[in-house]
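One structure is given here, and the rest of the page talks about it.
In the numbering used here, the protein residues as written are 9 to 170.
Structure below.
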């Protein structure tokens, strides 16, 4: 086991240590009339310490919004509220969304209906034999038809989930 100092030299303790002893690294830095920034506070106002790039992953540009299915998770109101820092409203919305989903599930069960996902199907991996949810490409076909004005999301019979 070994350790290196700031200049890449093996430290004495690390050189003498056996594998059961943790190595140490020595740093001797001399600064004369030099200012050194060791830590800097990150940008403020970005929830959950997300990077600006990460924030854009859930963004839906205005030109894209009409093409996105109403079941798209980026439209989930509690998620949007959290991302916008409206934590109290997000908690209320999360409860409303989840209670609505539970009520729809209970109603389906009372009617003896089984839920069948629209955009995914359960499949078995040919090599591992494990079950997984396979994305059906139907979503992209329907989205293209929506973009071309040949159909609307309302005409697709999607369950209201939010």
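No residue lacks a Cβ here, since even glycine has one placed at the ideal position from N, Cα and C.
Q) Looking at the structure shown, is residue 139 part of a helix, part of a strand, or coil, going by DSSP? A) On the chain shown, residue 139 is found 131 positions in, with the first residue counted as 1. The three-state secondary structure of residue 139, taken from DSSP, is strand.
(Q) By the three-class DSSP mapping on this structure, what secondary structure does residue 155 have? (A) Here residue 155 refers to the residue found at position 147 of the chain shown. In the structure shown, residue 155 sits in a helix (DSSP, three-state: H, G or I).
Q.
Here's a check: name, in chain order, each residue in its chain whose Cβ is nearer than 7 Å to the Cβ of residue 127, leaving out the five neighbours to either side.
A. Against the chain shown, residue 127 aligns to sequence position 119. Within the same chain, residue 127 has close Cβ partners 143, 144, 146 and 147.
Q: Keeping to the same chain, check which residues put their C-beta closer than 7 Å to that of residue 170; ignore five residues upstream and five downstream.
A: Here residue 170 refers to the residue found at position 162 of the chain shown. Non-local C-beta neighbours of residue 170 in its own chain, meaning closer than 7 Å and more than five positions away in sequence, comprise 83, 84, 85 and 105, ordered along the chain.
Q: Determine, using beta carbons only, whether residue 129 and residue 139 come nearer to each other than 8 Å.
A: Mapped onto the chain shown, residue 129 falls at position 121. Mapped onto the chain shown, residue 139 falls at position 131. No, these two residues do not count as a Cβ contact at 8 Å.
**Q.** Residues near residue 110 in its chain [Cβ-Cβ closer than 7 Å; skip 5 each side]
**A.** Here residue 110 corresponds to residue number 102 of the chain shown, with the count starting at 1. Closer than 7 Å at Cβ, skipping near neighbours: no residue.
Q: Could you check what DSSP says for residue 132 in three-state terms: helix, strand or coil?
A: For this step, residue 132 is matched to residue 124 along the chain shown. Residue 132: strand per DSSP, three-state reduction.
Q: Using the Cα positions of residue 61 and residue 79, report the straight-line distance between them to the nearest angstrom.
A: Counted from its first residue, the chain shown places residue 61 at position 53. Counted from its first residue, the chain shown places residue 79 at position 71. Distance between the alpha carbons of residue 61 and residue 79 is about 23 Å.
Q: Kindly indicate which three-state DSSP category residue 9 falls into: helix, strand or coil?
A: On the chain shown, residue 9 is found 1 positions in, with the first residue counted as 1. A caution first: residue 9 carries a pLDDT of 47, below 50, which makes its placement in the model too unreliable to give a value.
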